[in-house]
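The next block holds one structure in the form of structure tokens; read it before the comments.
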Amino acid sequence: MASWHCCILLVYLLSPLKAEADDREWKEEMEKQMKQVLSIVEEQTQLIERQNLEITTLKNRVNVLETMNAMREETEMRLASSIRGTETNISHIVKTLNEQTLTQEGKSSDIS
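Heads up, the sequence shown stops at 111 in numbering that gives the first Met the number 0, and the numbers go up one at a time, no gaps.
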């Protein structure tokens, strides 16, 4: 019976050591998992930062394209207005020339 009591006594004495070892293992495993999680978070942070830079670059490109488009539209409107003005001037010149031709023809027929 004494050996049986010694076993029980050893179990009670070793239990705290076992619990301490289990706690140490658990703590080490948790630290390992936390390092993995931290690594994943850092990778995701870098990915998000790169995506933000890409988004900023794309926004800038869109702004440049919109500005260029607005300038092109304004230039086209000016050209169209200039063409209309030129057409009006040409029509006026043609009308004036026609009137002068008619007037000269009328004078020529009066002279003959």
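Backbone N, C-alpha and C fix where the C-beta goes; we use that ideal spot for every residue, glycine too.
Alpha carbon of residue i to alpha carbon of residue j, nearest angstrom
i: K34; j: I47; result: 20 Å
i: A69; j: T44; result: 37 Å
i: W25; j: I39; result: 21 Å
i: Q99; j: E65; result: 50 Å
i: R77; j: E86; result: 14 Å
i: I54; j: V63; result: 14 Å
i: N59; j: L52; result: 11 Å
i: Q50; j: E42; result: 12 Å
Cβ-based neighbour list, residue i, same chain, cut-off 8 Å, excluding 5 preceding and 5 following
i: I92; result: none
Simplified DSSP state of residue i, which is helix, strand or coil
i: D21; result: helix
Cut-off 7 Å between Cβ atoms - residues of its own chain near residue i, not counting five sequence neighbours on either side
i: E30; result: none
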